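Engineer: In the numbering used here, the protein residues as written are 2 to 175.
Note that beta-carbon positions come from the ideal geometry of N, C-alpha and C, so glycine has one too.
It should be emphasised that the depicted structure is a prediction, and the values quoted were computed from it without experimental measurement.
Below is the structure I would like to discuss, written out as structure tokens.
Shown next as structure tokens:
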């Protein structure tokens, strides 16, 4: 009797937005730290089931990539890359979507960890357009509790973490 066990060879890329806005955090961890922990966890699970995992760190038009591999020692390489991630520069997820569309083989899993503070309105559409190329796309939006509740009462000077802009506002008037 012959038995057939169906095996899939999934290739997955963890895209971590390492722009300046991802450095914000009021709850003990920054959004970038949460994103790197999530990407490391997903990579660990994928490698344990003998699928290929890779990481792409993105800040503006700069990419640092480690291509997907399925070797057990590859996890250490991914963890080192994620550990050295620093929040700096603007958000440009549209450029990384175009880059991945050209570079990834068909039928890959793309997991995007970002706060999606991208000035380009079409960034999310360009990421979702990867589905037309037969990729599975999972999007994880990271938001700090202070960004949801806006707990500021007194006149405050807000500094942009991406481009150095400054805005002084009275939160009670907003």
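1. Can you grab the Cα-Cα spacing for the pair residue 49 / residue 73, in whole Å?
2. Give the list of continuous alpha helix (DSSP H) stretches no shorter than 4 residues that lie fully inside the stretch 56-111.
3. Beta-carbon separation of residue 44 and residue 91 under 8 Å?
4. Counting C-beta neighbours from all protein chains within 10 Å, is the total for residue 67 16 or more, i.e. buried, or is it exposed?
5. Assuming residue 88 contacts residue 15 (C-beta within less than 8 Å), just tell me the rounded distance between them.
6. Three or more C-beta pairs closer than 8 Å, one from the stretch 89-109 and one from the stretch 46-64: is that the case here?
7. If you drop the 5 nearest sequence neighbours on each side, which residues of the same chain put their C-beta closer than 7 Å to that of residue 76?
8. State the CB to CB distance for the pair residue 18 and residue 115, rounded to an integer number of angstroms; the pair is presumed to be in contact (CB under 8 Å).
9. Taking 8 Å as the limit between beta carbons, can you name the residues of its chain near residue 82, skipping five residues before and five after?
10. Measuring alpha carbon to alpha carbon, tell me which residue in 129, 145 and 169 is nearest residue 138.
11. Buried or exposed: which applies to residue 110, given that a residue is buried once 16 or more other Cβ atoms fall within 10 Å of its Cβ?
12. I need the DSSP call for residue 27, collapsed to helix, strand or coil.
13. Roughly how many whole angstroms lie between the Cα atoms of residue 222 and residue 54?
14. Nearest-angstrom Cα distance between residue 32 and residue 143?
15. Taking only runs of the beta strand (DSSP E) that begin and end inside the stretch 116-149, which ones reach a length of at least 3 residues, in chain order?
16. Between the Cα of residue 51 and the Cα atoms of 126, 12 and 153, which residue gives the shortest distance?
Structural biologist: The relevant details are as follows:
1. If you number the chain shown from 1, residue 49 lands on position 48. If you number the chain shown from 1, residue 73 lands on position 72. Using only the alpha carbons, I get a separation of about 8 Å.
2. 75-84 and 94-104
3. Taking the chain shown and counting its residues from 1, the one referred to as residue 44 is at position 43. Taking the chain shown and counting its residues from 1, the one referred to as residue 91 is at position 90. No, Cβ-Cβ distance for residue 44 and residue 91 is not below 8 Å.
4. Here residue 67 is taken as the residue at index 66 of the chain shown, counted from 1. Label assigned to residue 67: buried.
5. Position 87 of the chain shown, counting from 1, holds the residue named residue 88. Position 14 of the chain shown, counting from 1, holds the residue named residue 15. Not really, about 17 Å apart at Cβ, beyond 8 Å.
6. yes
7. Within the chain shown, the letter at position 75 stands for residue 76. Around residue 76: 44, 45 and 48.
8. The residue given as residue 18 occupies position 17 in the chain shown. The residue given as residue 115 occupies position 114 in the chain shown. Going by Cβ atoms, the distance from residue 18 to residue 115 rounds to 4 Å, so yes, they are a contact pair.
9. Taking the chain shown and counting its residues from 1, one reaches residue 82 at position 81. These residues qualify, in order along the chain: 56, 58, 65 and 67.
10. Against the chain shown, residue 138 aligns to sequence position 137. The option with the nearest alpha carbon to residue 138 is 129.
11. Looking up residue 110 in the chain shown gives position 109. So residue 110 ends up on the buried side.
12. Position 26 of the chain shown, counted from the start, is the residue given in the question as residue 27. Coil.
13. Because the chain in this structure spans residues 2 to 175, residue 222 falls outside the shown range and cannot be described.
14. Taking the chain shown and counting its residues from 1, one reaches residue 32 at position 31. Taking the chain shown and counting its residues from 1, one reaches residue 143 at position 142. Taking the straight line from one Cα to the other gives about 6 Å.
15. 137-142
16. Here residue 51 refers to the residue found at position 50 of the chain shown. The shortest C-alpha separation from residue 51 is found at 12.
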